[in-house]
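Numbering (the working numbering), first residue to last: 241 to 630.
Built from N, CA and C at the ideal position, the CB exists for glycine as well.
Quick caveat, the model's predicted, so the values are computed rather than measured.
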Amino acid sequence: MVRTLARCAFPAMLLAACAGGAGTADADADGLTDAEEAVAGSDPKLPDTDGDGKKDGEEVHQHKTDPTKKDTDGDGAGDGQEIKGGTNPLVADVAQAPAQLDNAAQAVSSGAAPRMAAIGAEPDSAWRCNSTMGQHWSISLNCFEKIDGATFTMGAQSTDPAAPSYDALAQPDELPVRQVTVAPFWIQHSETNAALYKQCITAGVCSKDDVLAEGGFSTLADPDRQKYPITGVTWQGATKLCGWLGGRLPTEAEWELAARGTEGRIYPWGNKPACGYAVDRTGRTDESGKQSCAATGPREGWDQPMAGLRGIQQLSGNVWEWALDWYGPYDAAATTDPRGPATGTRRVQRGGGWLSESSADFRGAGRASAPPDQKLPDVGFRCVWTGRPE
Numbered sequence: 241m242v243r244t245l246a247r248c249a250f251p252a253m254l255l256a257a258c259a260g261g262a263g264t265a266d267a268d269a270d271g272l273t274d275a276e277e278a279v280a281g282s283d284p285k286l287p288d289t290d291g292d293g294k295k296d297g298e299e300v301h302q303h304k305t306d307p308t309k310k311d312t313d314g315d316g317a318g319d320g321q322e323i324k325g326g327t328n329p330l331v332a333d334v335a336q337a338p339a340q341l342d343n344a345a346q347a348v349s350s351g352a353a354p355r356m357a358a359i360g361a362e363p364d365s366a367w368r369c370n371s372t373m374g375q376h377w378s379i380s381l382n383c384f385e386k387i388d389g390a391t392f393t394m395g396a397q398s399t400d401p402a403a404p405s406y407d408a409l410a411q412p413d414e415l416p417v418r419q420v421t422v423a424p425f426w427i428q429h430s431e432t433n434a435a436l437y438k439q440c441i442t443a444g445v446c447s448k449d450d451v452l453a454e455g456g457f458s459t460l461a462d463p464d465r466q467k468y469p470i471t472g473v474t475w476q477g478a479t480k481l482c483g484w485l486g487g488r489l490p491t492e493a494e495w496e497l498a499a500r501g502t503e504g505r506i507y508p509w510g511n512k513p514a515c516g517y518a519v520d521r522t523g524r525t526d527e528s529g530k531q532s533c534a535a536t537g538p539r540e541g542w543d544q545p546m547a548g549l550r551g552i553q554q555l556s557g558n559v560w561e562w563a564l565d566w567y568g569p570y571d572a573a574a575t576t577d578p579r580g581p582a583t584g585t586r587r588v589q590r591g592g593g594w595l596s597e598s599s600a601d602f603r604g605a606g607r608a609s610a611p612p613d614q615k616l617p618d619v620g621f622r623c624v625w626t627g628r629p630e
């Protein structure tokens with residue numbers, strides 16, 4: 241799935257530069273207006289700042305690499321970053337990436353890093369969604385709901401309206417449609433907020449290096465948005481926080497069950513696009529192709545209509561959510577608690593975000609992916625807990 245950068249539509253409290261409109265000037269003719277490139281941190285007069293053969297606008301627009309840092313081998317890490325880390329900036333380090341990332345992610349779950357006390361047989365009052373605000377207020381805003389184990393139809397297809405899981409917007413990577421069985425699990429009611437991530441940093445488990453820690457796109461840096469989802473967090477940063485809570489990121493199968501239920505809804509709220517159920521940038525389009533919803537930016541976790549099983553919030557829109565799985569083709573034979581490919585270069589993201597322009601991004605079967613070390617302004621996460629050692 242190709243994703244595009246917001247065109248100056250973030251709330252005014254975040255991007256004052258957008259207040260006057262984006263304008264139309266495009267000095268370097270790279271497809272992004274000068275104002276949009278200025279907001280993104282790219283020089284609008286220099287189409288290829290880092291001299292790597294990719295226009296600044298292309299690099300920013302496709303969320304691939306930093307347009308100010310040369311990335312000769314195109315593996316998503318700047319040359320300087322690779323040299324500092326002891327890798328060759330001229331050769332893509334695909335083979336090394338999975339092991340390095342997994343080792344970092346396993347530091348918490350293996351006991352090499354501290355963690356909060358794990359949830360008991362079932363979440364206690366500090367973790368349940370009916371708990372009262374108190375000393376655990378930030379955890380309460382990120383409380384857990386139980387999803388009973390189930391067998392459901394995972395994936396979607398666009399060729400046969402009479403066959404299971406038909407969706408006119410389904411993409412090839414959502415095939416094959418198959419029956420998948422998932423064990424019971426607990427999932428955060430809302431997306432992990434900035435306050436909880438800050439607590440994880442204070443505990444010495446999470447790091448500012450794994451998140452956008454400053455600037456208008458950062459919720460971590462804004463004291464007025466601590467109850468908003470953490471934004472710009474890497475897959476590694478998300479994994480560390482979930483491990484700190486005694487859990488992990490959801491698998492694609494767990495996330496899809498929570499979003500679609502056993503009835504196989506196209507969207508968490510039903511089978512048609514609808515206003516008010518997701519947060520996006522321009523307003524989703526209805527089936528006639530006309531814009532039908534007002535544009536909004538990220539919100540707190542408790543002010544949206546029901547979406548998903550048990551009223552789980554924000555499964556569509558607000559921020560894309562990291563999943564545990566590496567991105568790759570589905571294994572048709574993996575039908576019980578599937579975990580995705582054993583290795584890869586990109587991790588899965590689900591649900592769409594505030595930069596999304598189409599209702600297609602908000603479908604329960606929809607998939608996107610990005611390198612695990614990317615800090616994207618429309619990406620966050622939520623955690624799950626299964627009660628089983630991971």
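For residue 618 and residue 601, what's the separation of their Cα atoms in angstroms?
12 Å
Going by DSSP, name the residue or residues bridged to residue 433.
469
What is the rounded straight-line gap between the Cα of residue 446 and the Cα of residue 399?
44 Å
Residue 490 and residue 563: beta carbons closer than 8 Å?
yes
Residue 620: which of 572, 595, 567 sits nearest, CA to CA?
595
What is the rounded straight-line gap between the Cα of residue 336 and the Cα of residue 585?
At residue 336, the pLDDT of 29 sits below 50, so the modelled position is not reliable; the number obtained from the coordinates is stated separately. Rounded to the nearest angstrom, the two C-alpha atoms are 10 Å apart.
Three-state class that DSSP yields for residue 615 in the structure shown
coil
Hey, how far is the Cα of residue 468 from the Cα of residue 623?
16 Å
Looking at C-alpha atoms only, which residue of 577, 487, 569, 486 is the closest neighbour of residue 608?
569
I'd like to confirm the pairing. Which residues does DSSP put opposite residue 421 in its beta bridges?
391, 576
Name the residue from 571, 590, 430 whose alpha carbon lies nearest to the alpha carbon of residue 581.
571
Can you give me the C-alpha to C-alpha distance between residue 509 and residue 614, rounded to a whole angstrom?
29 Å
Mind checking residue 397: buried by the 16 CB within 10 Å criterion, or exposed?
buried
Alpha carbon to alpha carbon, how far is residue 566 from residue 610? Give it in angstroms, no decimals.
10 Å
Are the region 409 to 423 and the region 469 to 479 touching by the rule of at least three beta carbon pairs closer than 8 Å?
no
From residue 391 to residue 369, what distance separates their C-alpha atoms?
25 Å
Label residue 388 either buried or exposed according to how many other C-beta atoms from any shown protein chain fall within 10 Å of its C-beta, with 16 as the threshold for buried.
exposed
Considering Cα atoms alone, identify which of 498, 476, 496 is closest to residue 488.
476
On the DSSP letters alone, give me the boundaries of the beta strand (DSSP E) that residue 610 sits inside.
608 to 610
Since residue 587 is in the beta strand (DSSP E), which residue starts that stretch and which ends it?
587 to 590
Residue 494 in three-state terms, based on DSSP
helix
Suppose the cutoff is 7 Å on Cβ atoms and the five residues either side in sequence are ignored; what does the same chain contact list for residue 394 look like?
418, 420, 493, 496
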